[in-house]
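I have placed the structure first, in the form of structure tokens, so that the comments after it can refer back to it.
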Amino acid sequence: MVKALEKEAASEKQQLVETHLARVEAMLNDRRRMALENYLAALQSDPPRPHRILQALRRYVRAENKDRLHTIRHYQHVLAVDPEKAAQMKSQVMTHLHVIEERRNQSLSLLYKVPYVAQEIQEEIGGC
Numbered sequence: 001m002v003k004a005l006e007k008e009a010a011s012e013k014q015q016l017v018e019t020h021l022a023r024v025e026a027m028l029n030d031r032r033r034m035a036l037e038n039y040l041a042a043l044q045s046d047p048p049r050p051h052r053i054l055q056a057l058r059r060y061v062r063a064e065n066k067d068r069l070h071t072i073r074h075y076q077h078v079l080a081v082d083p084e085k086a087a088q089m090k091s092q093v094m095t096h097l098h099v100i101e102e103r104r105n106q107s108l109s110l111l112y113k114v115p116y117v118a119q120e121i122q123e124e125i126g127g128c
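Per UniProt numbering, the very first residue in the sequence shown carries number 1; after that it's consecutive.
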């Protein structure tokens, strides 16, 4: 009886953790998508405004960094709690981190499609 209750409680806890993870990932994805849309809109504005573009780029990079940090921290937590599960998800985590890095690089390369803006904010880009 007690074991059945403990098993049920563990199952409910796991379900809560999975629900929380899904909500956090959805929130991160929404914020990243909105930041990217704002960045693209700033790049396509006529005339392009360097300050606005830089501001939008920073927001986008910040959103990507939050996703990266969340992914790393989640993996570290799973590694501490369940090393077997961490070993199973390691390649998925590495792929996700690689995708984040690729998206960041692509967003920075878009900046160079407007050369005079890129030139104007060159020193600032190092902070991203």
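No residue lacks a Cβ here, since even glycine has one placed at the ideal position from N, Cα and C.
Original post:
Among 31, 19, 87, which residue has its Cα nearest to the Cα of residue 65?
Top reply: As a working mapping, residue 65 is identified with position 65 in the sequence shown. Answer by Cα proximity: 31.
**OP:** Alpha carbon to alpha carbon, how far is residue 116 from residue 48? Give it in angstroms, no decimals.
**Re:** What you label residue 48 is simply residue 48 of the sequence shown in a count that begins at 1. What you label residue 116 is simply residue 116 of the sequence shown in a count that begins at 1. Taking the straight line from one Cα to the other gives about 10 Å.
**OP:** Could you check what DSSP says for residue 112 in three-state terms: helix, strand or coil?
**Re:** The residue you call residue 112 lines up with position 112 of the sequence shown. Here residue 112 sits in coil by DSSP.
Subject >> Member of 57, 25, 27 whose CA lies at the smallest distance from the CA of residue 124 >> reply: By 1-based counting over the sequence shown, the position of residue 124 is 124. For the residues 57, 25, 27, the minimum Cα distance to residue 124 belongs to 57.
Original post:
How many angstroms separate the CA atom of residue 42 from the CA atom of residue 88?
Top reply: Position 42 of the sequence shown holds residue 42. Position 88 of the sequence shown holds residue 88. Those two C-alpha atoms are separated by around 41 Å.
**OP:** Report the three-state DSSP secondary structure of residue 45 (helix, strand or coil).
**Re:** Start at 1 with the first residue of the sequence shown, and residue 45 comes out as number 45. The three-state secondary structure of residue 45, taken from DSSP, is coil.
Original post:
Which ranges does the beta strand (DSSP E) cover as unbroken runs of at least 3 residues, wholly within the region 20–45, from first to last along the chain?
Top reply: none
Original post:
Can you tell me the Cα-Cα spacing of residue 16 and residue 24, whole angstroms?
Top reply: On the sequence shown, residue 16 is found 16 positions in, with the first residue counted as 1. On the sequence shown, residue 24 is found 24 positions in, with the first residue counted as 1. Cα-Cα distance, rounded: 12 Å.
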